[in-house]
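In what follows, a single structure is set out as structure tokens and then discussed.
Protein chains: 2
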Amino acid sequence: MPLTARVCLSLKSTPSVPDAKQNLTAEAWARAALDAMASGGLEAVAVEPLARRLGVTKGSFYWHFANREALLRAALALWERRETEEVLARIGDEADPYARIVKVFKEANAGYRSGRLYLAIAAAEDHPLVNEFVRRVSERRMAYLVECYEALGFEPTRAQHWARFAYATFMGNLQIRRDTPELMPGGPQFNEYLKLMIKTLIPREGADRGAEESHPHVVPMRQSGGGA
Amino acid sequence: MPLTARVCLSLKSTPSVPDAKQNLTAEAWARAALDAMASGGLEAVAVEPLARRLGVTKGSFYWHFANREALLRAALALWERRETEEVLARIGDEADPYARIVKVFKEANAGYRSGRLYLAIAAAEDHPLVNEFVRRVSERRMAYLVECYEALGFEPTRAQHWARFAYATFMGNLQIRRDTPELMPGGPQFNEYLKLMIKTLIPREGADRGAEESHPHVVPMRQSGGGA
DNA sequence: CCTTGCCCATACGCAGGCGTACGGGTAGAG
DNA sequence: CTCTACCCGTACGCCTGCGTATGGGCAAGG
Numbered sequence: 101m102p103l104t105a106r107v108c109l110s111l112k113s114t115p116s117v118p119d120a121k122q123n124l125t126a127e128a129w130a131r132a133a134l135d136a137m138a139s140g141g142l143e144a145v146a147v148e149p150l151a152r153r154l155g156v157t158k159g160s161f162y163w164h165f166a167n168r169e170a171l172l173r174a175a176l177a178l179w180e181r182r183e184t185e186e187v188l189a190r191i192g193d194e195a196d197p198y199a200r201i202v203k204v205f206k207e208a209n210a211g212y213r214s215g216r217l218y219l220a221i222a223a224a225e226d227h228p229l230v231n232e233f234v235r236r237v238s239e240r241r242m243a244y245l246v247e248c249y250e251a252l253g254f255e256p257t258r259a260q261h262w263a264r265f266a267y268a269t270f271m272g273n274l275q276i277r278r279d280t281p282e283l284m285p286g287g288p289q290f291n292e293y294l295k296l297m298i299k300t301l302i303p304r305e306g307a308d309r310g311a312e313e314s315h316p317h318v319v320p321m322r323q324s325g326g327g328a
Numbered sequence: 101m102p103l104t105a106r107v108c109l110s111l112k113s114t115p116s117v118p119d120a121k122q123n124l125t126a127e128a129w130a131r132a133a134l135d136a137m138a139s140g141g142l143e144a145v146a147v148e149p150l151a152r153r154l155g156v157t158k159g160s161f162y163w164h165f166a167n168r169e170a171l172l173r174a175a176l177a178l179w180e181r182r183e184t185e186e187v188l189a190r191i192g193d194e195a196d197p198y199a200r201i202v203k204v205f206k207e208a209n210a211g212y213r214s215g216r217l218y219l220a221i222a223a224a225e226d227h228p229l230v231n232e233f234v235r236r237v238s239e240r241r242m243a244y245l246v247e248c249y250e251a252l253g254f255e256p257t258r259a260q261h262w263a264r265f266a267y268a269t270f271m272g273n274l275q276i277r278r279d280t281p282e283l284m285p286g287g288p289q290f291n292e293y294l295k296l297m298i299k300t301l302i303p304r305e306g307a308d309r310g311a312e313e314s315h316p317h318v319v320p321m322r323q324s325g326g327g328a
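Residue numbers (my numbering), protein chains in the order written: chain A, 101 to 328; chain B, 101 to 328.
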């Protein structure tokens, strides 16, 4: 009954066209698991519902994975890979630390889908495996922000404070957008809100006032051992 | 076998002493449900595990509640009551809006238990019943903050922006403390962090600079015709 | 003592998810 | 054509949680 157009694609390239009913890959299961997670949390990553959604049965699943935890591990690994790759791909080539933080901000407030997924995964921090991945991703994000603030001329401690402050604001905005979207404005109001946060969370050392529209490049301070 | 010390306490007073094995009340079930929720999320609110934890069987539960959803409703109602009561009790008598926001901040960053519970409940926004309660609580909190910022002299739109900003920071700090507690400093470092957020999130209209240690009371502006 | 009402234990059927055993079908190699 | 490896369907047992039916213990009231 199945079409059986044997392709057997490796893990490095996404099929891009699911082609109705090809043979499933482990990554297809992992992607479906992430989708389910974004929708219904960790508990939604169940073998039989996923199999139904993919149009197959458990027989397929237990061929690719040893058990449910293996699927979770694969899904979380895929998520971690996406996070780091996307972040590095979109804002990694930006030299100016100010513009980097701004980009992070706009990405964080624009990509609702990835934010929702993050909240869903983070909500299951009880699970030790999940906790491990969440820790790595969060610490990496924070470290990136700390670097940005240090490149702006802040000493390490204050850079950590500002980075934590900014990261907390990202996360909180995600929560607000998910739980009470009517409290998050749209259109020009949102742009005002965004500008307020950016202006507030990226202060210039010593002087807070001046330059509302233009964000002049700040000369990074030498910080003892390493340059920015 | 049970001690059977008939007391039959009403819903308005907590027993204060569980006394080993009294007859359970509906509120005792609701409190247990909130505890389970804070630990394991919405899925942890299961009848049989809760019964085991309370030392009884399902027979007790289905005497007090019609079904699981009724327990959820009672638990969420208890949560909402606690939230509003506690907030109003602790910072309701403060006249100065600046001090009110500061108190909100310190409470939000101090009470980790209630924050964890909030995150656990908010993580189940899929559930329509949960969503309803989360919306009410969040909107009430936001409205309170908006009032504070308006009392500080901000026009409504900017007051909403600042309130949302501050609220997002609260929520984000909760997330950070839960997911990556090692990124949240303790002791004097935390006080520095707190002071930075307070100083940044409660600006004085027009002038951002000045008064690092002393926070002078700002005269609230009349906002009939629109201030700022 | 007996009745009534409150609170709970026991036992059952049902549904859904996990993991396993086993068989079948297809494609490619020979 | 046959054999083999790969991928998946089917069927089963197990566990856990939901909801119900039913009975029983205990205290208060008569």
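Yeah, the Cβ is synthetic: ideal placement off N, Cα and C, and Gly gets one too.
DSSP-derived helix/strand/coil call for residue i
i: M284 of chain A; result: coil
i: H227 of chain B; result: coil
i: V156 of chain B; result: coil
i: R304 of chain A; result: coil
i: G140 of chain A; result: helix
i: E255 of chain A; result: coil
i: F165 of chain A; result: coil
i: A146 of chain B; result: coil
i: D196 of chain A; result: coil
i: G272 of chain A; result: helix
i: T125 of chain A; result: coil
i: G211 of chain A; result: coil
Distance, residue j Cα to residue i Cα
i: V156 of chain B; j: A259 of chain B; result: 51 Å
i: F290 of chain A; j: R216 of chain A; result: 19 Å
i: F270 of chain B; j: V147 of chain B; result: 33 Å
i: S214 of chain B; j: V230 of chain A; result: 22 Å
i: V246 of chain A; j: D196 of chain A; result: 14 Å
i: M242 of chain A; j: L150 of chain B; result: 38 Å
i: A220 of chain A; j: L176 of chain A; result: 12 Å
i: R168 of chain B; j: L296 of chain B; result: 45 Å
i: I298 of chain B; j: G159 of chain A; result: 57 Å
i: L292 of chain B; j: F161 of chain A; result: Per the sequence shown, the amino acid found at residue 292 of chain B is Glu instead of Leu. Each residue's alpha carbon lies about 51 Å from the other.
i: W129 of chain B; j: E185 of chain B; result: 20 Å
i: T300 of chain A; j: T300 of chain B; result: 7 Å
i: T257 of chain A; j: L294 of chain B; result: 13 Å
i: R153 of chain A; j: Y212 of chain B; result: 39 Å
i: L188 of chain B; j: R304 of chain A; result: 38 Å
i: C248 of chain A; j: N123 of chain A; result: 44 Å
i: H227 of chain B; j: Y198 of chain B; result: 36 Å
i: A136 of chain B; j: A222 of chain B; result: 14 Å
i: A268 of chain A; j: Y267 of chain B; result: 10 Å
i: L178 of chain B; j: Y244 of chain B; result: 20 Å
i: E143 of chain B; j: A224 of chain B; result: 9 Å
i: R235 of chain A; j: I201 of chain B; result: 31 Å
i: A208 of chain A; j: L283 of chain B; result: 20 Å
i: A133 of chain A; j: F233 of chain A; result: 15 Å
i: Q275 of chain B; j: G253 of chain B; result: 31 Å
i: I302 of chain B; j: A210 of chain B; result: 19 Å
i: F265 of chain B; j: G287 of chain A; result: 17 Å
i: H261 of chain A; j: N273 of chain B; result: 12 Å
i: S139 of chain B; j: R240 of chain B; result: 25 Å
Same chain, Cβ closer than 6 Å to residue i, five either side skipped, listed in chain order
i: F49 of chain B; result: Only positions 101 to 328 of chain B appear in this structure, which leaves residue 49 of chain B out of reach.
i: P281 of chain A; result: none
i: K206 of chain B; result: none
Cβ shell of residue i (< 8 Å), same chain only, five flanking positions each side left out
i: A52 of chain A; result: There is simply no residue 52 of chain A to check, as chain A begins at 101 and stops at 328 in what is shown.
i: K203 of chain B; result: R190, I191, E194
i: A307 of chain B; result: Any reading at A307 of chain B must be qualified, since the residue scores a pLDDT of 38, below 50, and its modelled position is unreliable; the value itself is stated next. Excluding sequence neighbours, A307 of chain B sits near nothing in its chain.
i: A263 of chain A; result: M242, L245, V246, C248, Y249
i: G141 of chain B; result: A220, A223, A224
i: V145 of chain A; result: A133, A136, M137, R168, L171, L172, A175
Cut-off 7 Å between Cβ atoms - residues of its own chain near residue i, not counting five sequence neighbours on either side
i: V237 of chain A; result: E180, E183
i: P91 of chain A; result: What is shown of chain A runs 101 to 328, which leaves residue 91 of chain A out entirely.
i: R278 of chain B; result: R216, L219
The ligand GDP heavy atom lying under 8 Å from the CB of residue i
i: E143 of chain A; result: For the ligand GDP, the structure offers nothing, since it holds no ligand at all.
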